[in-house]
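Undergrad:
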Amino acid sequence: MAAGLLVAVGAVVIGGSSASGPAPGEALVTVHGVATVHRADGGTETVTDHTRLEPGDRFSIRSGSAELELADDVRFSAVDRSGDVPATELTMARVPTLRSGPLLVVAPHGTTLTSGSGEVRLTGSAAARVTRTSAVGVEVFRGRATLDTAGRTVAVPTLRAGEIVAAGELSGTRPVAYRASDAWDRRYLGPAISLDRQLTSLLRGMRADGVDGAALAQKVRARDDGSPSATRLQALLRSRSGALDSAVGVAIVGLAGDGSYVDRWTRAFRFHDAGAPWGLVAMDLGVDPDAVIDALGRAAQTTPSLADGAASDERAGTTIDPATGLPVAGGDGATAAGPGADGGAGGVDGGTDGSQPVATLPGGTPITIPGVTVPGATIPGVTVPVTLPGVTLPPVTVGTIPAVTTIVSGLDTVTGGLVTDLTGTVGTILAPITGPLTGSGGLLGPVTGSGGVLGGVTGSGGLLPLGP
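Under the numbering used here, residues 223 to 690 are what the sequence shown spells out, in order.
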């Protein structure tokens with residue numbers, strides 16, 4: 223009698239679940255709210271605590287949430303409707319089918335489920351959110367997923383998302399889009415959410431203080447032994463807008479450990495440009511969020527602010543002095559509307575103030591007069607753009623000639639005529655080339671003649687007598 227009682231107790235079903243684990247195609251369910259089970263034999267049950275699902279049973283959440291334990295330590299989480307996303311509904315089988323709504327899948331050794339017109343396969347130690355609406359989407363928190371429909375497949379790596387749009391139609395992959403209010407996102411993307419929250423506050427303060435983003439990026443670089451030179455970093459940053467944003471990327475790339483700097487740079491900025499916030503990028507590269515904040519904070523302590531007179535805007539392409547890590551004052555002559563070297567409004571081409579009136583030249587190829595260096599002074603080169611007929615050139619900007627002439631005259635006296643000899647030699651060498659261009663009837667006559675825009679430089683009495 224006693225033995226029979228023990229056997230009976232061991233076989234007791236509590237809330238529809240036996241003491242044994244689930245077999246393939248089965249699930250042990252714990253409901254936190256209300257769920258409905260449509261049994262394979264036609265019966266219907268309302269569940270508020272525990273139940274066992276068998277192959278063919280259809281399970282749906284009416285309110286709250288539920289946890290499902292399957293064979294091979296696979297676990298599902300189901301939730302109620304949220305906004306336009308319906309509640310979770312699935313049918314149990316050896317390969318379960320997600321009929322609607324979101325389903326969190328955690329599989330230490332991978333698993334497979336079907337949904338819509340395709341199949342979702344998880345590999346490795348995986349965690350992913352699979353959602354069935356008009357399409358079937360997967361967001362991979364850990365591991366890797368493969369979407370398969372009508373013989374077509376797409377791989378979805380960690381922290382990426384993809385969709386089965388329709389039978390035989392797949393989307394490309396993109397970064398996962400998290401919501402800080404979502405419990406599953408907080409569970410698996412907590413470090414990214416935390417870092418982005420801190421970065422938002424930190425960058426807001428830096429902008430309020432006028433921190434020079436380009437200089438900050440160089441300061442961050444200088445703290446990393448494995449980073450490239452200042453010149454190399456400047457080249458990498460040149461094509462990017464938003465210097466403070468780029469400085470965050472520099473910090474993350476410098477702290478990442480695997481691969482070359484350029485490989486890490488490419489991976490980080492490509493992911494960011496695809497829409498991943500920096501917190502997600504840091505997770506993707508395995509970077510400690512606290513280390514990112516520390517690197518930026520320490521670098522900012524010694525970074526000048528724009529209010530202190532640093533000649534930079536919020537663009538990463540600002541010219542940086544490699545020796546100091548600071549922006550170079552004044553325009554670079556290659557970009558529009560640069561400041562004048564004397565702090566004035568600047569010429570339209572980024573040069574100094576004092577542009578000459580607009581000149582119109584015949585069509586042709588831009589001609590560059592190279593700079594000439596003499597002891598103690600450098601006469602910059604001048605580029606004369608030549609437009610097509612009927613098109614008006616922007617003003618040609620040159621420096622203040624009298625001041626340079628005075629310097630050169632003084633140097634000529636000190637060096638015993640060296641400057642005169644030098645300019646004479648240059649003129650002799652260039653005469654066969656410049657004669658047809660700069661003569662009174664030449665192509666550049668209106669500009670380089672004695673009364674022209676550059677007459678003070680290239681005329682017979684100028685610094686560079688280019689005429690014959």
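We treat Cβ as the ideally placed atom computed from N, Cα and C, and that holds for glycine.
CB D279 to CB A262, shorter than 8 Å?
TA: Locating residue 279 in the sequence shown gives position 57, counting from the first residue. Locating residue 262 in the sequence shown gives position 40, counting from the first residue. The answer is yes: Cβ separation under 8 Å.
Undergrad: Please classify D480: is it buried, with 16 or more other beta-carbons within 10 angstroms of its beta-carbon, or exposed?
TA: If you number the sequence shown from 1, residue 480 lands on position 258. With fewer than 16 other Cβ atoms within 10 Å, it is exposed.
Undergrad: Bridge partners of P379, per DSSP?
TA: Here residue 379 is taken as the residue at index 157 of the sequence shown, counted from 1. Beta-bridge pairing links P379 to no other residue.
Undergrad: Between V317 and D271, what straight-line distance do the alpha-carbon atoms span, to the nearest angstrom?
TA: Stepping through the sequence shown from its first residue, residue 317 is reached at position 95. Stepping through the sequence shown from its first residue, residue 271 is reached at position 49. If I take the Cα positions, the gap works out to 24 Å.
Undergrad: In whole angstroms, what is the alpha-carbon distance linking R382 and P324?
TA: In the sequence shown, the residue the question calls residue 382 occupies position 160. In the sequence shown, the residue the question calls residue 324 occupies position 102. Roughly 16 Å separates the two Cα atoms.
Undergrad: Along the beta strand (DSSP E) that carries H272, what are the first and last residues, could you check?
TA: Taking the sequence shown and counting its residues from 1, one reaches residue 272 at position 50. Note, H272: beta strand (DSSP E), 272–275.
Undergrad: In the DSSP assignment, the alpha helix (DSSP H) including A457 goes from what residue to what residue?
TA: Numbered from 1 along the sequence shown, position 235 holds the residue referred to as residue 457. Per DSSP, A457 belongs to the alpha helix (DSSP H) from 452–459.
Undergrad: Starting from H260, follow its DSSP beta bridges and name the residues at the other end.
TA: As a first step, residue 260 must be located in the sequence shown, where it is residue number 38. DSSP lists T266, R280 as partners of H260.
Undergrad: Given a threshold of 16 other Cβ atoms within 10 Å of its Cβ, counted over all protein chains shown, does D512 qualify as buried or as exposed?
TA: To locate residue 512, count along the sequence shown from 1; it is residue 290. Per the 10 Å Cβ criterion, exposed.
Undergrad: I need the DSSP call for G427, collapsed to helix, strand or coil.
TA: Translated into positions along the sequence shown, residue 427 becomes position 205. G427: helix per DSSP, three-state reduction.
Undergrad: Straight-line CA distance for V503 to H260?
TA: Numbered from 1 along the sequence shown, position 281 holds the residue referred to as residue 503. Numbered from 1 along the sequence shown, position 38 holds the residue referred to as residue 260. One C-alpha to the other measures close to 43 Å.
Undergrad: Look up R396 in the DSSP assignment and give the residues it is bridged to.
TA: Indexing the sequence shown from 1 puts residue 396 at position 174. For R396, which the question treats as bridged, DSSP gives the partners A383.
Undergrad: So, helix, strand or coil for H203, using DSSP?
TA: This structure leaves residue 203 out entirely; the chain is present only between 223 and 690.
Undergrad: Would the stretch 371–390 count as touching the stretch 463–477 if we require 3 or more Cβ pairs under 8 Å?
TA: These segments do not touch.
Undergrad: Residues in the same chain with beta-carbon distance under 7 Å from F493, minus the five sequence neighbours each way, listed in chain order, please.
TA: The sequence position of residue 493 within the sequence shown is 271, counting from 1. So the qualifying residues of the chain are P397, V503, D506.
Undergrad: Can you tell me whether S403 is buried or exposed? The criterion is at least 16 other CB atoms within 10 Å of its CB, across all chains shown.
TA: Here residue 403 refers to the residue found at position 181 of the sequence shown. Result: exposed.
Undergrad: If you drop the 5 nearest sequence neighbours on each side, which residues of the same chain put their C-beta closer than 7 Å to that of A522?
TA: For this step, residue 522 is matched to residue 300 along the sequence shown. Excluding positions up to five away in sequence, the list reads M428, V433, L438.
Undergrad: Between A245 and A293, is the Cβ-Cβ spacing less than 8 Å?
TA: Counted from its first residue, the sequence shown places residue 245 at position 23. Counted from its first residue, the sequence shown places residue 293 at position 71. The answer is yes: Cβ separation under 8 Å.
Undergrad: Determine the closest residue to G435 out of G412, L518, A496, with distance taken between C-alpha atoms.
TA: In the sequence shown, counting from the first residue as 1, residue 435 sits at position 213. The option with the nearest alpha carbon to G435 is L518.
Undergrad: Quick one: using the 10 Å Cβ neighbour count with 16 as the cut-off for buried, is P499 buried or exposed?
TA: As a working note, residue 499 is residue 277 in the sequence shown. With 16 or more other Cβ atoms within 10 Å, it is buried.
Undergrad: Taking V317 as part of the alpha helix (DSSP H), name the residues at either end of that continuous run.
TA: Here residue 317 corresponds to residue number 95 of the sequence shown, with the count starting at 1. Where V317 is concerned, there is no enclosing alpha helix (DSSP H), given that its DSSP letter is neither H nor E.
Undergrad: Can you tell which of S322, V514, V376 has its C-alpha closest to the C-alpha of I283?
TA: In the sequence shown, residue 283 corresponds to position 61, counting from 1. That would be S322, whose Cα lies nearest to the Cα of I283.
Undergrad: Does the Cβ of D418 have 16 or more other Cβ atoms within 10 Å, making it buried, or fewer, making it exposed?
TA: Within the sequence shown, the letter at position 196 stands for residue 418. By the 10 Å Cβ count, D418 comes out buried.
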